[in-house]
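Student: Sharing a structure here in structure tokens format.
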Amino acid sequence: MSSSSSRISGFFRLPPAERRRRLLALTTLSAERFTAVDPGALPLDVADGMIENVVGVYALPFAVAVNFTIDGDDALVPMVVEEASIVAAASNAARMARPGGFHTVVSAPVMIGQIQVTDIDDVDAAADVLRARAEELLGDARRLMPRLAERGGGPIALDVRPLARSGPDGGMLVVHLHVDCRDAMGANLINTLCEALATRIADLAEGRPGLRILSNLTDGRTVTVRCTIDDARLTDEIAAGPAVRAAIAAASRFAELDPYRAATHNKGIMNGVDAVLVATGQDWRAVEAGAHAFAARSGAYRPLAVWHERSGGLDGELVMPLAVGTVGGALHVHPGARLALDLAGAHAADRLAAIAGAAGLATNLAALRALATEGIQRGHMALHARGLARAAGATGELIDRVADELAATGDIKADRAREVFARLCSPYMVKNTP
Ligand code: NAD
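First residue of the sequence shown? That's 1145 in this note's numbering, and the numbers climb one at a time after it.
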């Protein structure tokens, strides 16, 4: 999308139809494309073809986070999530990160396929044989995926990791096949390759073929996202920029020292990442598994993103594995996911990884800033109060009036919302009755 166009002031105040109009004006999409995210848009027969035992279609809100600049280009960031405050947090943090925005380095899309071999008498000798035949085995693998090779991808390396010399499974090793998956997430194509090579590899190792499947610890397929936030952008009515900066850096150090805090810190990152992944039809369980395994790769569970103070501002850096695809998986059947990719302008896997990673660093920043200043509860509770007001039956301006009263008393509960609504409602009913 064109430069600076994702900065949409007051987007959150508009009704959904007007938000669609604003997005249409910023993109080349036709209005009909948005029917893909209308309530009831996914036909039952399509859903029935996606998974087993389908009895219906489950809806979640589809939103767009604004204000993102990623690698010099503005991006609309589609998000699907059930938790209030994530889209607002991402948009606010992206605004703080402007005008520089987020800068990313996306690695080559290299995934690992694992071929396990068990019941080997001499694991070290078997490993030597397999290493000596690595080029030949890679050649076999490449011939199995000619189309991927034509696209510039395909198997690129093979290594051997002895795992046990003896034990209940005998001598055991695993062969890692490293495959550049281009714009595919790659699970199915890696699994196909592993299946095809397993017997030959087990024969060479004089063992039995075991599991053959990709690893979700995709440490060869990572995204690094960086941003710089000036003190002026951190300042609010509660705290001055330098104090907020110091508190965020201290919160980051806390996460580096304590796995209990690091888990929550990383959850704040996955708030943004997962919302983009769900919107764009990705396998978010695969990314979750990879993210947490990567966070623990040193033996201690660590934060995926860290924040450091520098003179006049704050530097943030996120490094995490992100196996995503803009082809394959559910994308060929899910119109909402296709719309999300088009809205984001993510037509290649590396751009999608950059966008999901930037969303993750943004929600991490927003959470740390809220924790560091006003306390996360206040912001959450204001949104929660609006949700309760709606659930109690409030519409239009009554939502704000009920929510404001709940927030003012600090008693933010469903029965209290019903009470306040009933009281505020009566003069309205009288006034509006013909
Ligand atoms: P896929 O099976 O649809 O394969 C991708 C296809 O896209 C290939 O046939 C490839 O030839 C084609 N293609 C077209 N243009 C391409 C391009 N530019 N770059 C690369 N390929 C291109 O999808 P996949 O990505 O192999 O597998 C993803 C699916 O596997 C997801 O649905 C995931 O949920 C599932 N899965 C995951 C796991 C796991 O994570 N453990 C295990 C099994 C299956």
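The beta carbon of each residue, even a glycine, is placed where N, CA and C say it ideally should be.
Looking at V1471 and ligand 1, is the gap between the Cβ and the nearest heavy atom below 6 angstroms?
Tutor: Against the sequence shown, residue 1471 aligns to sequence position 327. V1471 Cβ: within cutoff of ligand 1.
Student: Could you tell me which whole beta strand (DSSP E) segments of length 3 or greater appear in the stretch 1435-1473?
Tutor: 1449-1454, 1457-1465
Student: Does the structure place the stretch 1359-1377 close enough to the stretch 1453-1473 that three or more beta carbon pairs sit under 8 angstroms?
Tutor: The stretch 1453-1473, when compared against the stretch 1359-1377, does touch it at the 8 angstroms Cβ threshold.
Student: Tell me which same chain residues have a C-beta within less than 7 angstroms of the C-beta of A1219, skipping the five on either side of it?
Tutor: Here residue 1219 refers to the residue found at position 75 of the sequence shown. Only M1145, S1150, F1212, A1488, G1489, I1499 meet the Cβ criterion.
Student: Which residues mark the beginning and the end of the alpha helix (DSSP H) in which L1288 is found?
Tutor: For the purposes of this step, residue 1288 is identified with residue 144 of the sequence shown, where counting begins at 1. Its alpha helix (DSSP H) spans residues 1278-1288.
Student: Tell me the start and end of each unbroken alpha helix (DSSP H) in the stretch 1490-1560 that is at least 4 residues and wholly inside, in chain order.
Tutor: 1493-1516, 1520-1535, 1541-1553
Student: The alpha helix (DSSP H) with I1259 in it runs from where to where?
Tutor: Locating residue 1259 in the sequence shown gives position 115, counting from the first residue. Where I1259 is concerned, there is no enclosing alpha helix (DSSP H), although the beta strand (DSSP E) it sits in stretches over 1254-1264.
Student: With a CB to CB cut of under 7 angstroms and the five nearest residues on each side skipped, what residues in its chain are close to F1156?
Tutor: Walking along the sequence shown from the start, residue 1156 turns up at place 12. The answer, listed in chain order, is A1232.
Student: For F1246, which residues does DSSP report across the bridge?
Tutor: Locating residue 1246 in the sequence shown gives position 102, where the first residue counts as 1. Looking at the DSSP assignment, F1246 forms a beta bridge with I1214.
Student: At which residues does the beta strand (DSSP E) containing I1382 begin and terminate?
Tutor: Position 238 of the sequence shown, counting from 1, holds the residue named residue 1382. First-last for I1382: undefined, no H or E at that position.
Student: Please report how far the alpha carbon of G1314 lies from the alpha carbon of I1259, in whole angstroms.
Tutor: Reading the sequence shown from its first residue, position 170 is the one you call residue 1314. Reading the sequence shown from its first residue, position 115 is the one you call residue 1259. Straight-line Cα distance between these residues: approximately 16 angstroms.
Student: Please tell me whether, using a cut-off of 6 angstroms, the distance from the CB of G1330 to the nearest non-hydrogen atom of ligand 1 is below it.
Tutor: Counting from one through the sequence shown, the residue named residue 1330 turns up at place 186. At least one heavy atom of ligand 1 is nearer than 6 angstroms to the Cβ of G1330, so yes.
Student: According to DSSP, simplified to helix, strand and coil, what is R1151?
Tutor: Within the sequence shown, numbered from 1, the residue matching residue 1151 stands at position 7. Coil.
Student: Rounded to whole angstroms, what is the Cα-Cα separation between E1294 and A1558?
Tutor: Your numbering for residue 1294 matches position 150 in the sequence shown. Your numbering for residue 1558 matches position 414 in the sequence shown. Using only the alpha carbons, I get a separation of about 59 angstroms.
Student: Secondary structure at C1371, three-state DSSP: helix, strand or coil?
Tutor: Counting from 1 along the sequence shown, the entry for residue 1371 is found at position 227. Correct three-state label for C1371: strand.
Student: Which residue marks the beginning of the alpha helix (DSSP H) containing I1413, and which one marks its end?
Tutor: As a working mapping, residue 1413 is identified with position 269 in the sequence shown. According to the DSSP assignment, I1413 belongs to the alpha helix (DSSP H) that extends over 1403-1423.
Student: State yes or no: is the C-beta of A1430 nearer than 6 angstroms to some heavy atom of ligand 1?
Tutor: Working through the sequence shown from its first residue, we reach residue 1430 at position 286. Yes, the Cβ of A1430 comes within 6 angstroms of a heavy atom of ligand 1.
Student: By the 10 Å Cβ neighbour count, where 16 or more other Cβ atoms means buried, how is T1179 classified, buried or exposed?
Tutor: As a first step, residue 1179 is located in the sequence shown; it is residue number 35 there, counting from the start. So T1179 counts as exposed.
Student: Check whether the Cβ atoms of A1238 and A1506 sit closer than 7 angstroms, and answer yes or no.
Tutor: For the purposes of this step, residue 1238 is taken as residue 94 along the sequence shown, with counting starting at 1. For the purposes of this step, residue 1506 is taken as residue 362 along the sequence shown, with counting starting at 1. Taking 7 angstroms as the Cβ cut-off, A1238 and A1506 qualify as a contacting pair.
Student: Are the CB atoms of L1532 and A1561 within a distance shorter than 7 angstroms?
Tutor: As a working note, residue 1561 is residue 417 in the sequence shown. As a working note, residue 1532 is residue 388 in the sequence shown. Yes. Within cutoff.
Student: Any heavy atom of ligand 1 within a distance shorter than 6 angstroms of the CB on L1333?
Tutor: Numbered from 1 along the sequence shown, position 189 holds the residue referred to as residue 1333. It does: the Cβ of L1333 is within 6 angstroms (strictly closer) of some heavy atom of ligand 1.
Student: Cβ of N1360 within 6 angstroms of any heavy atom in ligand 1?
Tutor: Here the question's residue 1360 lines up with position 216 in the sequence shown. True, at least one ligand heavy atom lies under 6 angstroms from that Cβ.
Student: Going by other Cβ atoms of all chains shown within 10 Å of its Cβ, with 16 needed for buried, is I1556 buried or exposed?
Tutor: Against the sequence shown, residue 1556 aligns to sequence position 412. It is buried - the Cβ of I1556 has at least 16 other Cβ atoms within 10 Å.
Student: Give the range of the beta strand (DSSP E) segment to which L1168 is assigned.
Tutor: The count along the sequence shown starts at 1 and reaches residue 1168 at position 24. Taken as a continuous stretch (DSSP letters only), L1168 belongs to no beta strand (DSSP E), being part of the alpha helix (DSSP H) at 1160-1170.
Student: Provide the residue span of the alpha helix (DSSP H) that contains P1479, from first to last.
Tutor: Sequence index remark: in the sequence shown, residue 1479 carries index 335 (1-based). Start and end: 1479-1488.
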